[in-house]
Amino acid sequence: TSIALWGGRFSSGPSPELARLSKSTQFDWRLADDDIAGSRAHARALGRAGLLTAEELDRMESALDELQRRVDSGAFVPIEGDEDEATALERGLLEIAGDELGGKLRAGRSRNDQIAALIRMWLRRHARTIAAATLDVAAALVEQAEAAGHAVMPGRTHMQHAQPVLLAHQLMAHFWPLMRDVSRLADWDVRADASPYGSGALAGNTLGLDPDAVGRELGFSRVTSNSIDGTSSRDVVAEFSFIAAMIGVDISRLSEEIIIWNTQEFAFVTLDDAYSTGSSIMPQKKNPDIAELARGKAGRLIGDLSGLMATLKGLPTAYARDLQEDKEAVFDQVDALEVLLPAFSGMVRTMTFDTERMEKEAPTGFALATDIAEWLVRNAVPFRHAHELSGACVKLAEQRGQELWDLSDADFANIFHDFLDAQTAAGVREVLSTEGSVNARNGKGGTSPARVREQIITAKGKMAKM
Ligand code: ARG
Numbered sequence: 009t010s011i012a013l014w015g016g017r018f019s020s021g022p023s024p025e026l027a028r029l030s031k032s033t034q035f036d037w038r039l040a041d042d043d044i045a046g047s048r049a050h051a052r053a054l055g056r057a058g059l060l061t062a063e064e065l066d067r068m069e070s071a072l073d074e075l076q077r078r079v080d081s082g083a084f085v086p087i088e089g090d091e092d093e094a095t096a097l098e099r100g101l102l103e104i105a106g107d108e109l110g111g112k113l114r115a116g117r118s119r120n121d122q123i124a125a126l127i128r129m130w131l132r133r134h135a136r137t138i139a140a141a142t143l144d145v146a147a148a149l150v151e152q153a154e155a156a157g158h159a160v161m162p163g164r165t166h167m168q169h170a171q172p173v174l175l176a177h178q179l180m181a182h183f184w185p186l187m188r189d190v191s192r193l194a195d196w197d198v199r200a201d202a203s204p205y206g207s208g209a210l211a212g213n214t215l216g217l218d219p220d221a222v223g224r225e226l227g228f229s230r231v232t233s234n235s236i237d238g239t240s241s242r243d244v245v246a247e248f249s250f251i252a253a254m255i256g257v258d259i260s261r262l263s264e265e266i267i268i269w270n271t272q273e274f275a276f277v278t279l280d281d282a283y284s285t286g287s288s289i290m291p292q293k294k295n296p297d298i299a300e301l302a303r304g305k306a307g308r309l310i311g312d313l314s315g316l317m318a319t320l321k322g323l324p325t326a327y328a329r330d331l332q333e334d335k336e337a338v339f340d341q342v343d344a345l346e347v348l349l350p351a352f353s354g355m356v357r358t359m360t361f362d363t364e365r366m367e368k369e370a371p372t373g374f375a376l377a378t379d380i381a382e383w384l385v386r387n388a389v390p391f392r393h394a395h396e397l398s399g400a401c402v403k404l405a406e407q408r409g410q411e412l413w414d415l416s417d418a419d420f421a422n423i424f425h426d427f428l429d430a431q432t433a434a435g436v437r438e439v440l441s442t443e444g445s446v447n448a449r450n451g452k453g454g455t456s457p458a459r460v461r462e463q464i465i466t467a468k469g470k471m472a473k474m
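Positions 9 to 474 (full-length UniProt numbering) are the ones given, in order, by the sequence shown.
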């Protein structure tokens with residue numbers, strides 16, 4: 009039968025409606041292992057404070073071992089009347105250790121400091137899994153960038169052809185945000201690494217327990233400095249939630265690109281069969297579902313963050329039951345990312361590019377107009393005029409339905425005649441190639457092959473240090 013952790017001052021049990029509303033085991037049971045670890049550390053703290061004899065501590069630890077075994081095997085699970093995971097585990101402990109001994113463990117702790125500690129423990133562990141999975145997507149991008157060599161493609165702003173870029177450069181543009189997400193998780197852990205255990209309900213404990221020792225046993229290197237803050241702040245949870253949402257957004261941006269490249273009109277990329285899906289009615293279909301699910305889940309990850317922030321914004325300190333709502337948001341995010349990221353890296357790792365087609369498209373749409381302007385600048389034409397002259401070249405080519413390199417020497421001489429003689433003007437042809445254009449962008453961080461090679465080396469060095 010179920011037990012309540014409170015009830016002494018109540019003349020009746022909770023109404024069924026309240027019990028149904030209040031219950032959280034359906035989502036917080038996943039904190040059970042961390043709760044038992046916390047109970048072990050707390051039992052030892054009680055022992056050191058002289059509140060459990062050596063013999064009692066011994067029996068308590070065996071009972072917790074047995075409880076853990078039952079939880080692992082599924083022999084012990086929450087029942088209808090258990091309010092939350094802590095209530096369920098207390099029931100389990102009493103069943104094993106008996107009321108007399110089992111009833112001693114709750115001294116000096118509250119579910120408020122417990123739950124605040126457990127959510128940190130759980131998130132810190134999953135932050136490492138997510139960091140590794142994010143790093144794997146980043147690694148897949150580097151592999152593709154290396155394989156792409158000097159292949160070029162149209163670089164776009166506003167989705168319009170802008171300037172040719174290396175495919176590798178474009179892929180690496182998605183690598184860096186993901187690396188920042190990985191380092192955000194590491195930075196976050198520094199702030200998450202403080203144990204609220206020992207804060208009690210809000211004001212600390214009177215029993216001479218040693219929170220530092222408990223925290224150390226639970227993998228924390230320090231203890232929160234204020235028991236009210238420790239039990240009622242959830243900025244650590246919210247910050248994690250932001251990073252999870254940001255990973256979703258970064259993956260979604262890449263997804264959108266892949267989805268567009270995968271259309272028949274672009275036909276830049278082909279997805280591996282193992283990472284695409286078909287249609288139940290149209291036999292020819294091969295769909296980029298992983299990228300679409302990533303794009304879709306990003307919305308949900310943002311929603312989880314928004315919901316959590318809204319829950320937190322009006323809360324007075326210290327603990328209020330609203331805080332129970334912090335968990336589902338981040339559980340949902342972690343569940344989503346832990347299935348999404350491995351599928352996503354598989355898709356990225358196995359996609360193949362039609363580099364011939366990309367190369368053909370790279371210089372079209374007057375993408376070399378900036379190169380003309382900058383060539384003019386190198387020939388002493390002030391940029392303001394150079395921009396105009398290059399624009400005149402575009403206008404003429406557009407009128408004729410031609411590309412820039414189709415203009416004749418006489419056309420260039422004509423357009424540039426206020427600044428350059430005819431022979432010099434014809435020299436503009438040397439920059440009217442994709443290769444010339446990308447090679448020229450050799451400032452640090454630019455798209456020239458030498459700079460991109462350098463970028464990939466820096467990237468691999470960074471990954472090796474993660
Ligand atoms: N289940 C609660 C939570 O997840 C912890 C219990 C605190 N309950 C209370 N009445 N103080 O936040």
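All C-beta atoms, glycine included, are put in the ideal place defined by N, C-alpha and C.
*When you compare each of S249, F427, G100, E369 to A388 by their alpha carbons, which one comes out closest?*
Reading the sequence shown from its first residue, position 380 is the one you call residue 388. Looking at the Cα atoms, F427 is the closest of the given residues.
*asked:* Is Y205 a contact residue of the ligand ARG, with contact defined as CB to any heavy atom under 7 Å?
replied: Position 197 of the sequence shown holds residue 205. Checking every heavy atom of the ligand ARG against the Cβ of Y205, none is found closer than 7 Å.
*What is the DSSP secondary structure of V389, reduced to helix, strand or coil?*
Position 381 of the sequence shown, counted from the start, is the residue given in the question as residue 389. Here V389 sits in coil by DSSP.
_Let's see if you can read the secondary structure: which residues bound the beta strand (DSSP E) around Q431?_
The residue given as residue 431 occupies position 423 in the sequence shown. Not the beta strand (DSSP E): Q431 falls in the alpha helix (DSSP H), residues 430-434.
_What residue range does the alpha helix (DSSP H) around R164 cover?_
Working through the sequence shown from its first residue, we reach residue 164 at position 156. Counting along the chain, R164 falls outside any alpha helix (DSSP H), though it belongs to the beta strand (DSSP E) covering 160-165.
*Can the beta-carbon of L174 be found closer than 8 Å to that of P457?*
Working through the sequence shown from its first residue, we reach residue 174 at position 166. Working through the sequence shown from its first residue, we reach residue 457 at position 449. Going by C-beta atoms, L174 is nearer than 8 Å to P457.
*Measuring alpha carbon to alpha carbon, tell me which of D107, V160, E88 ends up nearest A375.*
As a first step, residue 375 is located in the sequence shown; it is residue number 367 there, counting from the start. When only C-alpha atoms are compared, the closest one is V160.
*At which residue ranges does the stretch 438-463 contain complete beta strand (DSSP E) runs of 3 or more residues, listed in the order of the chain?*
none
*asked:* Is the separation between the beta-carbon of A124 and that of L210 shorter than 8 Å?
replied: Here residue 124 corresponds to residue number 116 of the sequence shown, with the count starting at 1. Here residue 210 corresponds to residue number 202 of the sequence shown, with the count starting at 1. The answer is no: Cβ separation not under 8 Å.
*Express the C-alpha separation of L404 and L149 in angstroms, rounding to a whole number.*
Position 141 of the sequence shown, counted from the start, is the residue given in the question as residue 149. Position 396 of the sequence shown, counted from the start, is the residue given in the question as residue 404. Going from the Cα of L149 to the Cα of L404 covers about 40 Å.
*Among L309, V342, T142, A434, which has the Cα closest to the Cα of L412?*
To locate residue 412, count along the sequence shown from 1; it is residue 404. Considering only alpha carbons, the answer is A434.
*Where does I255 land, buried or exposed, given buried means 16+ other C-beta within 10 angstroms?*
Stepping through the sequence shown from its first residue, residue 255 is reached at position 247. It is buried - the Cβ of I255 has at least 16 other Cβ atoms within 10 Å.
*Identity of the residue in H393, F276, Q341, E225 nearest T360 by Cα*: In the sequence shown, the residue the question calls residue 360 occupies position 352. The option with the nearest alpha carbon to T360 is F276.
*asked:* Just to confirm, is the Cβ distance from A90 to T33 under 8 Å?
replied: Stepping through the sequence shown from its first residue, residue 90 is reached at position 82. Stepping through the sequence shown from its first residue, residue 33 is reached at position 25. Per the sequence presented here, residue 90 reads as Asp, with Ala not at that position. For D90 and T33, yes; Cβs fall inside 8 Å.
*Using DSSP with H/G/I as helix, E/B as strand and the rest coil, what is T33?*
Your numbering for residue 33 matches position 25 in the sequence shown. Helix, per DSSP.
_V173, enclosing beta strand (DSSP E) - first and last residue_ = Against the sequence shown, residue 173 aligns to sequence position 165. 168-174 is the span of the beta strand (DSSP E), which, as asked, contains V173.
*Distance, Cα to Cα, T165 vs T455?*
The residue you call residue 165 lines up with position 157 of the sequence shown. The residue you call residue 455 lines up with position 447 of the sequence shown. Rounded to the nearest angstrom, the two C-alpha atoms are 15 Å apart.
*Measuring CB to CB, does A49 end up less than 8 Å from L226?*
Along the sequence shown, read from residue 1 onward, the residue named residue 49 stands at position 41. Along the sequence shown, read from residue 1 onward, the residue named residue 226 stands at position 218. A contact, by the Cβ cut-off of 8 Å.
*Taking the alpha-carbon positions, what's the Y283 to G373 distance?*
Here residue 283 is taken as the residue at index 275 of the sequence shown, counted from 1. Here residue 373 is taken as the residue at index 365 of the sequence shown, counted from 1. Answer to the nearest angstrom: the Cα atoms are 32 Å apart.
_Under 8 Å, with one C-beta from each stretch per pair, do the stretch 258-274 and the stretch 180-199 reach the 3-pair mark?_
yes
_Same chain, Cβ closer than 7 Å to A246, neighbours up to 5 away in sequence not counted_ = Start at 1 with the first residue of the sequence shown, and residue 246 comes out as number 238. The residues are L316, M317, L320.
*Around the C-beta of S191, are 16 or more other C-beta atoms found within 10 angstroms, so that it is buried, or is it exposed?*
Residue numbering aside, residue 191 sits at position 183 when the sequence shown is read from its first letter. So S191 counts as exposed.
_Separation of P350 from A156, as counted between CA atoms_ = Residue numbering aside, residue 156 sits at position 148 when the sequence shown is read from its first letter. Residue numbering aside, residue 350 sits at position 342 when the sequence shown is read from its first letter. When rounded, the distance between both Cα atoms is 22 Å.
*For the 8 Å Cβ check, are there 3 or more pairs between the stretch 122-142 and the stretch 231-251?*
yes
*For the candidate residues D220, E333, R78, Q168, whose alpha-carbon lies nearest to that of I127?*
Residue numbering aside, residue 127 sits at position 119 when the sequence shown is read from its first letter. Ranking the options by Cα distance to I127, first place goes to E333.
_Measuring only the C-alpha atoms, how far is K470 from I236?_
Position 462 of the sequence shown, counting from 1, holds the residue named residue 470. Position 228 of the sequence shown, counting from 1, holds the residue named residue 236. Straight-line Cα distance between these residues: approximately 39 Å.
*How long is the line joining the alpha carbons of R449 and L309, rounded to whole angstroms?*
Along the sequence shown, read from residue 1 onward, the residue named residue 449 stands at position 441. Along the sequence shown, read from residue 1 onward, the residue named residue 309 stands at position 301. Each residue's Cα considered, the two are about 37 Å apart.
*Got a sec? Which residues, its chain only, sit under 6 Å from R99 by beta carbon, not counting five neighbours each side?*
As a first step, residue 99 must be located in the sequence shown, where it is residue number 91. I11, listed in sequence order.
_Taking the beta carbon of D36 as the centre, do at least 16 other beta carbons fall within 10 Å, making it buried, or is it exposed?_
Sequence index remark: in the sequence shown, residue 36 carries index 28 (1-based). Buried, since its Cβ has 16 or more Cβ neighbours within 10 Å.
*Start and end of the alpha helix (DSSP H) containing L59?*
Position 51 of the sequence shown, counting from 1, holds the residue named residue 59. Careful: L59 lies outside any alpha helix (DSSP H) and carries neither H nor E.
*How is the alpha helix (DSSP H) around L126 delimited, first residue to last?*
By one-based count along the sequence shown, residue 126 stands at place 118. First-last of the alpha helix (DSSP H) with L126: 119-156.
*Quick one: residues in its chain with C-beta nearer than 6 Å to the C-beta of E367, no 5 flanking neighbours on either side, listed in chain order?*
Position 359 of the sequence shown holds residue 367. Cβ neighbours of E367 beyond the five flanking positions: V160.
*Cβ of K335 within 7 Å of any heavy atom in the ligand ARG?*
Taking the first residue of the sequence shown as 1, we reach residue 335 at position 327. Checking every heavy atom of the ligand ARG against the Cβ of K335, one is found closer than 7 Å.
*Where do the N-terminal and C-terminal ends of the alpha helix (DSSP H) with R99 fall, by residue?*
Here residue 99 is taken as the residue at index 91 of the sequence shown, counted from 1. It spans 93-110 - the alpha helix (DSSP H) in which R99 sits, taken as one unbroken run.
_Run of the alpha helix (DSSP H) containing I298, from where it starts to where it stops_ = Start at 1 with the first residue of the sequence shown, and residue 298 comes out as number 290. Segment 297-321, the alpha helix (DSSP H) holding I298.
*Buried or exposed: K293, going by 16 or more other Cβ atoms within 10 Å of its Cβ?*
Along the sequence shown, one-based indexing puts residue 293 at 285. Exposed, by the Cβ-count rule.
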